[in-house]
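In the working numbering, the protein residues as written are 1 to 182. Positions of the beta carbon are idealized from the N, C-alpha and C atoms, including for glycine. Right, one structure below, let's go through it.
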C-alpha cells in the first residue's frame, strides 16, 4: 500500500498499517458491540505491542527472508479513522449506499469487513482533504485485495471513486477539477 502525496507518508508505512488496523477495529466493533474507545484501548495496549517488540529490521531472529517486519501504525491516525467512522456511521452509510449502483447489494447485506473498508474510505475522503483522493482510493482497494480475491476490490474502487467525485467535486479517480478544464 502506498501513502503518497500530501498527508500520505511512506509506501507501506504507518498510515497504511493504521488503515489495516482500523478495518480490524471496525470489524470488532460491529461483531462485539464494544464501543470504539474500548476497542482502541485494546489495540493500543495489547495488539500493537507485538509489532513494537518484533518490528524493526528483523535482526537475527532467523525469520525467512521473505518475511517483512511488521510496521507499527500511526496511532493518532488510527484513532482518528476509527472514531470518525464510528461516530459518522449513519451518514457514511447513506453516502455509500447512494454510491452503490441502484441495483447493487444493500450495504447492510454486505460482509462486515467490506462495510468497514467502505466506511473508512468514505470517512477519509470526507474528513481528510489533505490526502489525495486517488491515494485514499488506492489504499482501500489494496486493503480489499488483502481480504478478498473476487470482485470486491472493483466494487470498492467504483464506490470510493463515485464518493470522491461527489465529496471533492473531482474528475476521474477523485482528481481535483482544474481551471479551464472542460
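Counting C-beta pairs with one atom in each stretch, the region 98-110 and the region 157-166 have three or more that are closer than 8 angstroms, which means they touch. About 20 angstroms separates the beta carbons of residue 71 and residue 121, which is beyond the 8 angstroms limit, so they are not a contact pair. Contact between the region 14-31 and the region 77-89 is present: three or more C-beta pairs spanning the two stretches fall below 8 angstroms. In the assembly as shown, residue 74 is a buried residue. Its beta-carbon has 16 or more other beta-carbons within 10 Å. The C-alpha of residue 135 lies about 31 angstroms from the C-alpha of residue 33.
Taking the C-beta atoms as reference points, residue 131 is found no nearer than 8 angstroms to residue 27. Taking a contact as a CB-CB distance under 8 angstroms, the pair residue 156 and residue 166 does not count as one, their CB atoms being some 16 angstroms apart. For residue 71, no alpha helix (DSSP H) segment is defined, and its DSSP state is neither H nor E. Closest option to residue 89, judged by alpha-carbon separation, among 103, 35, 140, 137: 35.
For residue 83, same chain residues with a beta-carbon under 6 angstroms away, outside a window of 5 residues either side, are 36 in chain order.
Cβ contact annotation for residue 24 (same chain, cutoff 6 angstroms, sequence separation greater than five): none. Shortest Cα-Cα distance from residue 148 to any of 127, 128, 111, 138 involves 111. Restricted to the region 67-111, the alpha helix (DSSP H) segments that are unbroken, complete and at least 4 residues in length are 75-87, 89-99, listed in chain order. Distances from the alpha-carbon of residue 87 to those of 137, 45, 30 put 30 closest. Burial state of residue 91 is exposed, judged by a 10 Å Cβ sphere holding fewer than 16 other Cβ atoms. The residue from 140, 42, 109 with its alpha-carbon nearest to that of residue 123 is 140. Under the DSSP assignment, residue 161 falls in the alpha helix (DSSP H) whose first and last residues are 152-168.
For the set 138, 43, 168, 108, the Cα lying nearest the Cα of residue 129 is the one of 168.
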